[in-house]
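Residue numbers (numbering that gives the first Met the number 0): 0 to 136.
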Amino acid sequence: MPASPAAATLRKLERAAKAAAKKAYAPYSQFTVGAAVLMSNGDVFTGCNVENASYGLCNCAERTAIFSAVAAGKKQLSCVVVYTPTARATAPCGACRQVIHEFGPTARVVSVCDGKERIDSTIAALLPGAFGPADLS
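Structure representation (structure tokens):
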């Protein structure tokens, strides 16, 4: 398992995820989500959710952040922090869990919100028995 980020790094990721949510394009749901991902080399990438009138074409904040990292040549994910503007923390959806597993099968996943609740887990706990690259060999 990759080293868990220090408390200061985790707070930085939480602030970055909250700031990313302000950039969300969510005219239909008004549910603005932000994510910050920490790559194994220390680089941080952020993302927000992007909705579309054709709902199936929407993209979640977690995947936006991870895809930005991959586009920059980074493929080893160690931590994902997700912020939702809710009273209770919200875990990543199934599609995001699958993508997190692809690039960080031992990643830490933290969900924060406007309330005091938080979810602090691993992708293995959130997606037990995950299908991944090793299953294709």
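Quick reminder that beta carbons are idealized off the backbone N, C-alpha and C, glycines included.
Using the C-alpha atoms, what's the distance from Ser28 back to Thr63?
-> In the sequence shown, counting from the first residue as 1, residue 63 sits at position 64. In the sequence shown, counting from the first residue as 1, residue 28 sits at position 29. A direct Cα-Cα distance of roughly 18 Å separates Thr63 from Ser28.
Between which two residues does the alpha helix (DSSP H) carrying Thr8 extend?
-> Taking the first residue of the sequence shown as 1, we reach residue 8 at position 9. In this chain, the alpha helix (DSSP H) harbouring Thr8 covers 6-20.
May I ask you to report which of helix, strand or coil DSSP gives Arg107?
-> Translated into the one-based positions of the sequence shown, residue 107 becomes position 108. Three-state result, Arg107: strand.
Tell me Asn58's beta-bridge partners as DSSP assigns them.
-> Numbered from 1 along the sequence shown, position 59 holds the residue referred to as residue 58. Its beta-bridge partners are Val49.
Tell me whether Cys92 is buried or exposed, calling it buried when 16 or more other Cβ atoms sit within 10 Å of its Cβ.
-> Counting from 1 along the sequence shown, the entry for residue 92 is found at position 93. Sixteen is the threshold: since fewer than 16 other Cβ atoms of the shown chains lie within 10 Å of the Cβ of Cys92, the residue is exposed.
Using the Cα positions of Gly131 and Arg96, report the straight-line distance between them to the nearest angstrom.
-> The residue labelled residue 131 in the question sits at position 132 within the sequence shown. The residue labelled residue 96 in the question sits at position 97 within the sequence shown. If you take the alpha carbons of Gly131 and Arg96, they lie about 11 Å apart.
Simplified DSSP assignment, three categories, for Phe66 | Against the sequence shown, residue 66 aligns to sequence position 67. Here Phe66 sits in helix by DSSP.
Which residues in the same chain have their Cβ closer than 6 Å to the Cβ of Val118, if we skip the five residues on either side of it in sequence?
-> Numbered from 1 along the sequence shown, position 119 holds the residue referred to as residue 118. Note that residue 118 corresponds to Ile in the displayed sequence, not to Val. Around Ile118: Ala88, Ala90, Ser110.
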